[in-house]
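Working notes, structure below.
In full-length UniProt numbering, the protein residues as written are 1 to 109.
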């Protein structure tokens, strides 16, 4: 997204303990290795792009509903490898495609 032409606002955020940043009351996931780090966020009208240094580390459709959690399961792989039981009760698993959730239930519980 470094070559994007378009209007955006850029802000800095600190990644919280749940590996999320909170933008206008909405929680967006970032890779779990970045907990505690500062990231730059490009806020477009329909999406957000998260940068760590010059690297794009996350992109999400932008939610306008305060209190929403917009989660990418892939951002939590390190956590799930360390704490496999955490996946079963995670918001991340609730937001994946039903076929992925079924795969987990059928093979990993």
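We treat Cβ as the ideally placed atom computed from N, Cα and C, and that holds for glycine.
Listed in chain order, the non-local C-beta contacts of residue 25 below 7 Å within the same chain comprise 66 and 67, local neighbours out to five positions each way being set aside. Shown here, residue 95 sits in coil according to DSSP, grouped into three states, outside any helix or strand. Taking the CA atoms as reference points, residue 49 sits about 17 Å from residue 35. In this structure, DSSP gives residue 24 a state outside helix and strand, which the three-state scheme calls coil. Residue 47 and residue 83 have their C-alpha atoms spaced approximately 30 Å apart. Our two residues, residue 59 and residue 105, have alpha carbons roughly 27 Å apart in a direct line. Restricting attention to 79, 94, 37 and 62, the CA atom closest to the CA of residue 51 is found in 37.
An exposed status is given to residue 55, since fewer than 16 other beta-carbon atoms sit within 10 Å of its beta-carbon. Secondary structure at residue 62: coil, using DSSP grouped into helix, strand and coil.
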